[in-house]
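As given, the protein sequences belong to chains A and B, one line each in that order.
For the first sequence, UniProt numbering assigns the number 1 to the initial residue and increments by one for each residue that follows.
For the second sequence, UniProt numbering assigns the number 1 to the initial residue and increments by one for each residue that follows.
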Amino acid sequence: MLTTNQNRFNALLIPTLSILLGFIFGALLMLLFGYNPIDAYQAMLMGVFNSPYFMGEAMRQATVLTFTGLGFAIAFKAGFFNIGIAGQLLAGWVAAIWVALSFPDLPRIILLTLSIGAAIIAGAVWAGIAGALRAYFGTSEVIVTIMLNYTALHLTNYIIRNVLTTGNTTDRVSDNASLSVGWLTDLTQGSRINMGLFIAIIVVILYWVFMTQMTAGFEVRAVGLNPDASTYAGMSAERNIILSMLISGGLAGLGGAVHGLGTFGNLFTQSGLPSLGFNGIAVALLGLGNPIGIFFSSILFGVLDVGAGFMPNRAGVPDEMADIVIAAIIFFVGANYIIRVALDKMQSNKTAEKGGE
Amino acid sequence: MSKMKLRSLLAIGSSAFLLAACQGEDASDPAEDPATEEETGTDSGEEAGEETEAVDFSIGMVTDEGGVDDRSFNQSAWEGMQEWGQNNGLEEGDGYAYYQSDDSADFVPNLNQALTDGYDIIYGIGYLLLDSVNQVADQNPDQHFGIVDDISDRDNVVSLTFADHQAAFLAGVAAAETTETGKVGFIGGIAGPVIDRFETGFTAGVAHADDSVEVDVQYAESFGDAGIGQQIAAGMFSNGADVIYHAAGAVGNGVFTEARNRMESDPDNQLWVIGVDRDQEEEGEYDGGNLTLTSTLKRVGTAIQESANQAMEEGFPGGETIAYGLEEGGVDLVEGNLSEEAWTAVEEARQAVIDGEVEVPEFSYSQE
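In structure tokens form, the structure reads like this:
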């Protein structure tokens, strides 16, 4: 009983300390280079929270990050590093726009379901390639997913130029395929926040139910903890590897659909992989794999992402510096392992002393 | 021992909290008076206006993913904007500013940020921003915008386009007149209408001067990766090309690197690179001389200055497309290291294009 309370306390304390240390480190960096960190952080936070528009934009960013974060988390729980979230997101984006452009006149409910469904399948297939290779041939999913990222990037650009259009940008999808919600857009003074937010909340709940209440979720976790023991207990490691990668990619693909149909409403040639894929990894690590934690850490990242844009022009901190500060925060988030070890040491010392007395 | 450890850990922990507390306090202080800050800001602006005769006009720009230090496209826009600001007695951040986009999702928030900051005209630099500019322009019909390299049909947007194919045509003439191997190369950034103009113009220029010269065309699928540029250039040089024209932003830096390396190890085998958008003469400096044959110019900065001036003096040219070609001096080719013979051929070709004797094709494929 005591230990579960302790664990729960740590689960909140570790990310909080990570964020705090990240901000402090960022502030020290800015001081070192002669910029005022208080002005900078103030510009960042006020920029976002003083305006409904930018709050809406931060939430829009958070929505997509929730999907990529959950996607990374489930593969991570099963013991894999799915670095290919960015590529799977692109695959979903392409699929969603493709379907939406092919059947512009279908009723909204049907078109959205088809588009989003196609995106989930596309993301799942893309991740499934790495999962199947891993399960049956033991290839490293890290390398395969990295390579698939670039394959997805160039394939996307090829499809845009040769299949969907002749230029660099596809047409906009019809209103029937748009995820935007009138009152939400009005509430945030025209930001691109969309119904993806509600989908994200539903998915967070589903994710929690799957992982904690269902046998399949338990098996995924068990395989992640110890594949040999799970196989011995009669679970199929191959099946669970592939299943977790399929879900992981499906979530990333869903994020791509929300990004494509919600944020942009079209698809354009990409010069690099979307950063949302990689930030999803940081979001998942900060949320410690807990779906609700992931939801809140994606909100933090959304605010950081949108807020960093205010630092150059409102606080005179150069764009590069703003990027470094954000990177420092992400670094400390990623390095929360160190904080966890330090905390464990402290607590075990405490109990040891108590026992001694 | 364990007590020592515990104590030091506690010390670290408490200092972290102290620091955090300091930060919280300090942050909350100025947080209360953003309004006063803003007031003083506008006050000083007005004062400056009275004293230095600074114009009461301001312009902002949103970059594409290249950023203002890409040594070509965005940089030339920003340099033009800085010059405009200085000529008009304005200061950066007040009279002119740029907003850097790290990701295509940043375009719209950046445009909105510039809007909140109150710039009179907000320019989107590059065709990638067209959709975003249109979207924000629709939401804010009273705000003026500009778009470079593409055409917007909105009434509150001025479109600035460049006849890149004309300058590339001259580069093609220069390359064909210079090559000794009868083989030249073209390295494009990301394939699409804008870079296609460069390719089509260049190929046509080569054919115009000497149709026995072969053109090797390749795309890097990037505007930022110098490594790919170097790799493609290595392949082209090895296949016998001795002049390469790049229209690929920062990818071109790799092309210059490869040419420099080869010239330094084998100075007798003359290789040339043709620069793009800005005069890239300094990129071609190597131990034995300079290998930048010439550069095509694209005066994005001048275009921005002219449209801003027009807006101040005669009113905003909303809904108009201002096209810059050889005739207007919006695009051009520098003399650089061209031989006298080649330069004469270029001058003749330029005159022919301006007079309309030669029509340079703009696209390799038909536009819808």
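Cβ atoms here follow ideal geometry from the backbone N, Cα and C, with glycine treated the same way.
Note down the Cα distance separating A/GLY131 from A/GLY253, rounded to an integer number of angstroms.
Taking the first sequence and counting its residues from 1, one reaches residue 131 of chain A at position 131. Taking the first sequence and counting its residues from 1, one reaches residue 253 of chain A at position 253. Distance between A/GLY131 and A/GLY253, taken at the CA atoms: about 15 Å.
So, helix, strand or coil for B/GLN218, using DSSP?
The residue you call residue 218 of chain B lines up with position 218 of the second sequence. The answer is strand: DSSP assigns B/GLN218 an E or B state.
With distances taken Cα to Cα, identify the nearest neighbour of A/LEU206 among A/SER178, A/GLY71 and A/ILE339.
Stepping through the first sequence from its first residue, residue 206 of chain A is reached at position 206. The residue with the shortest Cα to Cα distance from A/LEU206 is A/GLY71.
On the premise that A/SER178 lies in contact with A/THR185, defined as a C-beta separation below 8 Å, what is that separation, rounded to the nearest angstrom?
Taking the first sequence and counting its residues from 1, the one referred to as residue 185 of chain A is at position 185. Taking the first sequence and counting its residues from 1, the one referred to as residue 178 of chain A is at position 178. 10 Å between Cβ atoms; not a contact.
Please give me, in chain order, every unbroken run of the alpha helix (DSSP H) with length at least 4 that falls completely inside the segment 165-189 of chain A.
Counting only unbroken stretches of 4 or more residues, the alpha helix (DSSP H) elements lying wholly within the segment 165-189 of chain A are 182-187, in sequence order.
When Cβ atoms are compared, which residues of the segment 263-283 of chain A fall closer than 9 Å to chain B?
THR263, PHE264, GLY265, ASN266, PHE268, THR269, GLN270, SER271, GLY272, PRO274, SER275 and LEU276
Interface residues of chain B around A/ASP175 at Cβ under 9 Å?
As a working note, residue 175 of chain A is residue 175 in the first sequence. Here the premise fails: no neighbours, minimum Cβ distance about 14 Å.
Can the beta-carbon of B/VAL206 be found closer than 8 Å to that of B/GLY182?
By one-based count along the second sequence, residue 206 of chain B stands at place 206. By one-based count along the second sequence, residue 182 of chain B stands at place 182. Not a contact, by the Cβ cut-off of 8 Å.
Once the 5 residues before and after B/ALA323 are set aside, which same chain residues still bring their CB inside 7 Å of it?
Within the second sequence, numbered from 1, the residue matching residue 323 of chain B stands at position 323. Taken in chain order, the residues that qualify are THR161 and ALA163.
So is A/THR68 in contact with chain B if we call contact Cβ pairs under 8 Å?
The residue labelled residue 68 of chain A in the question sits at position 68 within the first sequence. False, the Cβ-Cβ gap to chain B never drops below 8 Å.
Just how far apart, CA to CA, sit B/ARG278 and B/THR257?
As a position in the second sequence, residue 278 of chain B is number 278, starting the count at 1. As a position in the second sequence, residue 257 of chain B is number 257, starting the count at 1. About 17 Å.
Spell out a yes or no on whether the segment 103-118 of chain A and the segment 51-65 of chain A are touching, meaning 3 or more CB-CB pairs, one atom from each, closer than 8 Å.
Counting Cβ pairs under 8 Å, fewer than three are found: no touch.
Have a look at B/TYR99 and B/VAL148 and give me their C-alpha separation to the nearest angstrom.
In the second sequence, counting from the first residue as 1, residue 99 of chain B sits at position 99. In the second sequence, counting from the first residue as 1, residue 148 of chain B sits at position 148. So the two alpha carbons sit approximately 15 Å from each other.
Is there contact here, the segment 214-224 of chain B with the segment 257-273 of chain A, by at least three beta-carbon pairs under 8 Å?
The segment 214-224 of chain B is in contact with the segment 257-273 of chain A.
Applying the 10 Å Cβ sphere with the 16-neighbour rule, what's the burial state of A/THR212?
Position 212 of the first sequence, counted from the first residue, corresponds to residue 212 of chain A. Its Cβ having fewer than 16 others within 10 Å, A/THR212 is exposed.
Checking contacts by CB at 8 Å: is B/ALA112 closer than that to chain A?
Here residue 112 of chain B corresponds to residue number 112 of the second sequence, with the count starting at 1. Residue identity differs from the one stated: residue 112 of chain B is Asn in this sequence, not Ala. Judged by the 8 Å Cβ criterion, B/ASN112 is in contact with chain A.
Skipping 5 residues on each side, what residues in its chain have a beta carbon closer than 8 Å to that of residue 358 of chain A?
The structure shown has nothing for residue 358 of chain A, since chain A only spans 1 to 357.
Tell me whether the beta-carbon of A/LEU267 lies closer than 8 Å to the beta-carbon of A/ILE97.
Locating residue 267 of chain A in the first sequence gives position 267, counting from the first residue. Locating residue 97 of chain A in the first sequence gives position 97, counting from the first residue. It is a contact, given that the beta carbons lie within the stated cut-off.
If I measure Cβ to Cβ from A/ALA95 and keep anything under 6 Å in the same chain, skipping five residues before and after, which residues do I get?
If you number the first sequence from 1, residue 95 of chain A lands on position 95. Contacts found: ALA118, ALA119 and ALA122.
Beta-carbon of B/GLN75 versus every beta-carbon of chain A: anything under 8 Å?
Residue numbering aside, residue 75 of chain B sits at position 75 when the second sequence is read from its first letter. So no, B/GLN75 is outside the interface.
Excluding the five sequence neighbours on either side, which residues of its own chain have a C-beta within less than 6 Å of the C-beta of A/ILE83, listed in chain order?
By one-based count along the first sequence, residue 83 of chain A stands at place 83. Contacts found: VAL142, THR145 and ILE146.
For the beta strand (DSSP E) that contains B/THR321, what are its first and last residues?
Counted from its first residue, the second sequence places residue 321 of chain B at position 321. For B/THR321, the enclosing beta strand (DSSP E) stretches over residues 321-324.
Give me, in chain order, the residues of the same chain whose beta-carbon lies closer than 7 Å to that of A/MET44; leave out the 5 immediate sequence neighbours on both sides.
Sequence index remark: in the first sequence, residue 44 of chain A carries index 44 (1-based). Same-chain partners within the cutoff: GLY307, ALA308, PHE310 and MET311.
Mind reading off the beta-carbon distance from B/GLN305 to B/TRP84? Whole number of angstroms is fine, and I expect it under 8 Å.
Position 305 of the second sequence, counting from 1, holds the residue named residue 305 of chain B. Position 84 of the second sequence, counting from 1, holds the residue named residue 84 of chain B. About 4 Å; that satisfies the 8 Å criterion.
State the DSSP-derived secondary structure class of A/GLY260, mapped to helix, strand or coil.
Here the question's residue 260 of chain A lines up with position 260 in the first sequence. Note: A/GLY260 maps to helix in three-state DSSP.
Taking just the CA atoms, how far does A/PHE49 sit from A/GLY260?
Here the question's residue 260 of chain A lines up with position 260 in the first sequence. Here the question's residue 49 of chain A lines up with position 49 in the first sequence. Whole-angstrom Cα-Cα distance: 25 Å.
Tell me, to the nearest whole angstrom, how far the beta carbon of B/GLY249 is from that of B/PHE73; I am working on the premise that it is less than 8 Å.
Here residue 249 of chain B corresponds to residue number 249 of the second sequence, with the count starting at 1. Here residue 73 of chain B corresponds to residue number 73 of the second sequence, with the count starting at 1. Right, the Cβ-Cβ distance comes to about 6 Å (below 8 Å), so this counts as a contact.
Work out the CA separation of A/ASP319 and A/SER18 for me, nearest whole Å.
Taking the first residue of the first sequence as 1, we reach residue 18 of chain A at position 18. Taking the first residue of the first sequence as 1, we reach residue 319 of chain A at position 319. C-alpha separation (whole angstroms): 23 Å.
Can you find a C-beta in chain B that's less than 8 Å from the C-beta of A/TYR337?
As a working note, residue 337 of chain A is residue 337 in the first sequence. No, because no Cβ of chain B sits closer than 8 Å to the Cβ of A/TYR337.
Identify the contact partners of B/GLY229 in chain A, using a Cβ-Cβ distance below 7 Å as the criterion.
Taking the first residue of the second sequence as position 1, residue 229 of chain B is located at position 229. Neighbours of B/GLY229 on chain A: none; closest Cβ ~14 Å, over 7 Å.
How long is the line joining the alpha carbons of B/ASP196 and B/ALA77, rounded to whole angstroms?
Position 196 of the second sequence holds residue 196 of chain B. Position 77 of the second sequence holds residue 77 of chain B. Roughly 21 Å between the two C-alpha positions.
Could you say if the segment 120-136 of chain B and the segment 327-341 of chain A meet the contact criterion of at least three C-beta pairs nearer than 8 Å?
no
When DSSP builds the beta bridges, which residues end up paired with B/THR292?
Position 292 of the second sequence holds residue 292 of chain B. DSSP lists B/VAL273 as partners of B/THR292.
If we ignore side chains and look at the alpha-carbon of each, how far apart do residue 410 of chain B and A/VAL223 end up?
One cannot answer for residue 410 of chain B here, as it falls past the ends of chain B, which runs 1 to 368.
For residue 380 of chain B, return the contacting residues in chain A, with the cut-off set at a CB-CB distance below 8 Å.
The shown model of chain B, from 1 to 368, leaves out residue 380 of chain B, and the question about it has no answer.
Along chain B, in chain order, which residues have C-beta atoms closer than 7 Å to that of A/THR169?
Translated into the one-based positions of the first sequence, residue 169 of chain A becomes position 169. Residues of chain B passing the Cβ test: ASP131.
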